[in-house]
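Engineer: Order-wise, the sequence lines are chains A and B. Counting in my numbering, the first sequence tops out at residue 256, every number present. Counting in my numbering, the second sequence tops out at residue 398, every number present. C-beta atoms are modelled at their ideal positions from N, C-alpha and C, and glycine is treated no differently.
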Amino acid sequence: MLTDRLRALRAEGRRALVCYVTAGHPTPAESARLIRELPAAGCDVLEVGVPFSDPLADGPIIQGSSQKALEQGVTLERALGIIAEAKPTAPVVLFSYLNPLMKAGPDVLQRAKAAGVSGVLVTDLPVGADPEREAWLGSGPLEFVRLVAPTTPQQRMAEIVKHGRGFVYLISRLGVTGVHQGVATDLPASVAKLRAVCDLPICVGFGISTPEQVRAVGDVADGVVVGSALVQAVETRGVDAALALVREMRAALDRP
Amino acid sequence: MTQQVATDRFGAFGGRYVPETLVPALDQLEVALAEALADPAFTGELAYMLETYVGRPSALTEAPNLSARVGVPVWLKREDLNHTGAHKINNALAQALLAKRMGKKRIIAETGAGQHGVATATVCARLGLQCVVYMGEEDMRRQQLNVFRMRLMGATVVPVTAGTRTLKDATSEAIRDWVATCEDSHYIIGSVVGPAPYPRMVRDFQAIIGREARAQMLQRAGRLPSHVVACVGGGSNAMGIFHAFVEDAAVRLVGVEAAGEGLDTGRHSASLSHGVPGVLHGTLSYLLQDDDGQVHPAHSISAGLDYPGVGPEHSYLRDSGRAQYVAVTDGAALCGFELLSRLEGIIPALETSHAVAWIAEQAGRFASDDCILLCVSGRGDKDVSQVAEVLSSGVRHA
Chain A
1 MLTDRLRALR AEGRRALVCY VTAGHPTPAE SARLIRELPA AGCDVLEVGV PFSDPLADGP
61 IIQGSSQKAL EQGVTLERAL GIIAEAKPTA PVVLFSYLNP LMKAGPDVLQ RAKAAGVSGV
121 LVTDLPVGAD PEREAWLGSG PLEFVRLVAP TTPQQRMAEI VKHGRGFVYL ISRLGVTGVH
181 QGVATDLPAS VAKLRAVCDL PICVGFGIST PEQVRAVGDV ADGVVVGSAL VQAVETRGVD
241 AALALVREMR AALDRP
Chain B
1 MTQQVATDRF GAFGGRYVPE TLVPALDQLE VALAEALADP AFTGELAYML ETYVGRPSAL
61 TEAPNLSARV GVPVWLKRED LNHTGAHKIN NALAQALLAK RMGKKRIIAE TGAGQHGVAT
121 ATVCARLGLQ CVVYMGEEDM RRQQLNVFRM RLMGATVVPV TAGTRTLKDA TSEAIRDWVA
181 TCEDSHYIIG SVVGPAPYPR MVRDFQAIIG REARAQMLQR AGRLPSHVVA CVGGGSNAMG
241 IFHAFVEDAA VRLVGVEAAG EGLDTGRHSA SLSHGVPGVL HGTLSYLLQD DDGQVHPAHS
301 ISAGLDYPGV GPEHSYLRDS GRAQYVAVTD GAALCGFELL SRLEGIIPAL ETSHAVAWIA
361 EQAGRFASDD CILLCVSGRG DKDVSQVAEV LSSGVRHA
């Protein structure tokens, strides 16, 4: 479903806008509204983050949102409840660290599917790290999205692509999630290197914060992931401001 | 592809649960480590510096008064006599030499009690490497003297204000730094935790403790100990002293965790006694966590044991039954602190005091031909002001 959706967009000459939100941030109710209204604002794929106590791949903005959601009792089960309640019209990728998924038990993938989730992405489970758990995640009802980093050699990129479904998530820069200026200068080269060994759509994320950056990344990738900038907008200016930011990003991406 | 499976696990435990960005850095580390260990120039320099800079071999000391108290001979492996006052420097020195060999100019470390941070700052000063140490704000308060030491030797100490503001969050922050800087920085993890190859590498760099102690016991006591006892937070001094005895089936290996305010209070650090397997900081091991898979904050009077996870090899030794893990409260550890000071004139670190306390609690329960080897992982100078504060406030959790 994810792949089809992204291919269809590409066939129309459009690029996908992928939006990350932390489940339960700033509150469970507002989070559900955000998830419900994002597709109409121009979001093609939703990434919904499962709050975790020790998010070691995340910078201060997403750490803060995760902490805030946890303080309101939002963990994996509540996150699924929020998605089910929101019923978004765009496909949802669950974005999680491994431990909450492991603890939730083998049937969590079925429960996520029933809640309306299409794909799953696990921050701290690189390809080859744990074949048994990777098989569990990869053979279930969800499309298992894998990550490629700026440090990944091309041979390993090919291996990662073989194990991925939906799309490949290319991390645009070294470091954790966050808001950055500009676009990494070596990004077009990284995308080209990945494209040579990849038949899945390529979405690029990490540090993409402004409509201008969205546009620049959209020129080379199939999709653009916006996370921290959106979470920051929610945190400081509220859900409506975040939706307005997404509309601006959509317009920048679609400009001929 | 990463070549793993054969070397990166201890039974079901261990592994490499990290962001993709770090996978090539860990691959590179694994290759560099294997090359270094096979190169006499590296092993020779390490051995030379362990002798002339750290002061190894560390002494094996009889503890006649503690022995009389517990009814069987007790021998102390004196890691507290190392330069910087703890076992941590064995690993910090070896990894810093490795980093230098790899051409890395910048070192990252996390620290709890500050002993690993001090050891890392020390070797970085000696080897001319830039050093950044992440330390929880709460631990900086508890261990001000060590913060001063690190800064004195030129390290940058970065306060960590996230989460519990202790070792767990300092480790997360160090990993975040490394994800951004892995091309020119090396992360010196201070314990047998983290993603492969760290748990095995740190164990191998600490295994000198057990190698020396085993030979010293045979020479001085004319026998192997019946029990090898060490405190366990992440578990590096314990793995270091256990490793040489794992094949000696008759030797009982006892790891002493921190029971904090009591195992039934939820405020403790006893991952092996009370945790369930889970993933934290790149490794699968016993972990304090709740029903939702969120990591449960640890507690211990000792900053060095205040960690919700534990080295994966300890999880393996626990499940296989080769080692036994017990837990000792804050209050009992304070008694251990006073006991070794009073009886032997050796002020142990609060971490070590847990192991002292367990031995004291076993008085009368040992067999007549038992013989105990205790790893004195560090000296207690860093802890005296905190202990004085606790004792004068009269607050003890027995």
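Using a 10 Å radius around the Cβ and a threshold of 16 neighbouring Cβ atoms, would you call Gly255/B buried or exposed?
Structural biologist: buried
Engineer: Could you spell out where the beta strand (DSSP E) holding Pro159/B opens and where it closes?
Structural biologist: 156-160
Engineer: Check the Cβ-Cβ distances between Leu152/B and every residue of chain A, and say whether any is below 9 angstroms.
Structural biologist: No, its Cβ sits nowhere closer than 9 angstroms to a Cβ of chain A.
Engineer: Going straight from the alpha carbon of Ser393/B to that of Asp383/B, what length do you get?
Structural biologist: 15 angstroms
Engineer: So, for Ala336/A: in the same chain, excluding its five sequence neighbours on each side, which residues have a beta-carbon less than 6 angstroms away from its beta-carbon?
Structural biologist: No answer is possible for residue 336/A: it lies beyond the span of chain A, which begins at 1 and ends at 256.
Engineer: Can you find the residues in the same chain that come closer than 8 angstroms, C-beta to C-beta, to Val145/A, ignoring five residues on each side of it along the sequence?
Structural biologist: Leu2, Val93, Gly119, Val120, Leu121, Gly164, Arg165, Gly166, Phe167, Val168, Tyr169
Engineer: Would you be able to state if there are at least three C-beta pairs under 8 angstroms between the segment 108-118 of chain B and the segment 167-176 of chain B?
Structural biologist: yes
Engineer: How about Lys382/B: is its C-beta nearer than 9 angstroms to some C-beta of chain A?
Structural biologist: no
Engineer: How far does the beta strand (DSSP E) with Met135/B in it reach, from first residue to last?
Structural biologist: 130-136
Engineer: Counting only C-beta atoms, is Arg156/A closer than 9 angstroms to chain B at any point?
Structural biologist: By this cut-off, Arg156/A is an interface position.
Engineer: Quick one: is Ser228/A buried, meaning 16 or more other Cβ sit within 10 Å of its Cβ, or exposed?
Structural biologist: buried
Engineer: Closest by CA to Gly380/B, which one among Arg203/B, Val132/B, Gln115/B, Gly210/B?
Structural biologist: Gln115/B
Engineer: In the DSSP assignment, what are the bridge partners of Tyr399/B?
Structural biologist: With chain B represented from 1 up to 398, any question about residue 399/B goes unanswered, as that position is not in the structure.
Engineer: What is the residue span of the alpha helix (DSSP H) that Pro28/A lies within?
Structural biologist: Segment 28-41, the alpha helix (DSSP H) holding Pro28/A.
Engineer: Could you compute how far the alpha carbon of Gln213/A sits from the alpha carbon of Cys19/A?
Structural biologist: 14 angstroms
Engineer: Can you give me, in chain order, the residues of the segment 11-33 of chain A that have a beta carbon less than 7 angstroms from any beta carbon in chain B?
Structural biologist: none
Engineer: Have a look at Gly140/A, His180/A, Ala251/A, Leu80/A and flag the residue whose alpha-carbon is nearest the alpha-carbon of Gly49/A.
Structural biologist: The residue among Gly140/A, His180/A, Ala251/A, Leu80/A with its C-alpha nearest the C-alpha of Gly49/A is Leu80/A.
Engineer: If we cut at 9 angstroms on Cβ distances, does Ser53/A have a partner in chain B?
Structural biologist: yes
Engineer: Alpha carbons only, please: which of Ile61/A, Gln63/A, Thr22/A, Leu70/A is nearest the one belonging to Glu47/A?
Structural biologist: Closest in C-alpha terms to Glu47/A, from the list Ile61/A, Gln63/A, Thr22/A, Leu70/A, comes Thr22/A.
Engineer: For a contact meaning CB atoms closer than 7 angstroms, what does Thr75/A contact in chain B?
Structural biologist: Within chain B, the residues placing a beta-carbon under 7 angstroms from that of Thr75/A are Asp292, Gln294, ordered along the chain.
Engineer: One question on the structure: do Ser230/B and Ala355/B come within less than 9 angstroms of each other, judged by their Cβ atoms?
Structural biologist: In the sequence on display, residue 230/B carries Ala and not Ser. Cβ distance < 9 angstroms, so Ala230/B and Ala355/B count as in contact.
Engineer: Taking only three categories from DSSP, how would you classify Lys68/A?
Structural biologist: helix
Engineer: Cβ closer than 9 angstroms: which chain C residues qualify as neighbours of Thr152/A?
Structural biologist: Of the protein chains in the structure, A and B, none is chain C.
Engineer: Who does Glu257/B pair with in a DSSP beta bridge?
Structural biologist: Ala327/B
Engineer: Tell me the residue span of the alpha helix (DSSP H) that contains Gly44/B.
Structural biologist: 40-49
Engineer: Assign Leu339/B to buried or exposed, taking buried as 16 or more other Cβ atoms, counted over all protein chains shown, within 10 Å of its Cβ.
Structural biologist: buried
Engineer: Counting only runs of 3+ residues fully inside the segment 46-107 of chain B, write out the beta strand (DSSP E) ranges in chain order.
Structural biologist: 60-62, 74-78
Engineer: Report, in whole angstroms, the separation of the C-beta atoms of Ile301/B and Leu350/B, which I expect to be a contact under 8 angstroms.
Structural biologist: Their Cβ separation, rounded to whole angstroms, is 6 angstroms, which keeps Ile301/B and Leu350/B in contact under 8 angstroms.
Engineer: With distances taken between CB atoms, is the gap from Lys77/B to Glu212/B smaller than 9 angstroms?
Structural biologist: yes
Engineer: Given a cut-off of 9 angstroms, decide if Ser209/A and Val191/A are closer than it, judged by their beta-carbon atoms.
Structural biologist: no
Engineer: Hey, quick one: how far does the beta strand (DSSP E) through Gly119/A stretch, first residue to last?
Structural biologist: 119-122
Engineer: Taking just the CA atoms, how far does His83/B sit from Gly55/B?
Structural biologist: Rounded to whole angstroms, Gly55/B to His83/B spans 7 angstroms at the Cα level.
Engineer: Shorter than 9 angstroms from the beta carbon of Gly15/B to some beta carbon of chain A?
Structural biologist: yes
Engineer: Cα separation between Phe337/B and Gly260/B?
Structural biologist: About 15 angstroms.
Engineer: Give the residues of chain B in contact with Lys103/A, contact being defined as C-beta atoms less than 9 angstroms apart.
Structural biologist: Val276, Gly278, Gln289, Asp290, Asp291, Asp292, Gly293, Gln294
Engineer: Taking only three categories from DSSP, how would you classify His243/B?
Structural biologist: Looking at His243/B - three-state DSSP - the assignment turns out to be helix.
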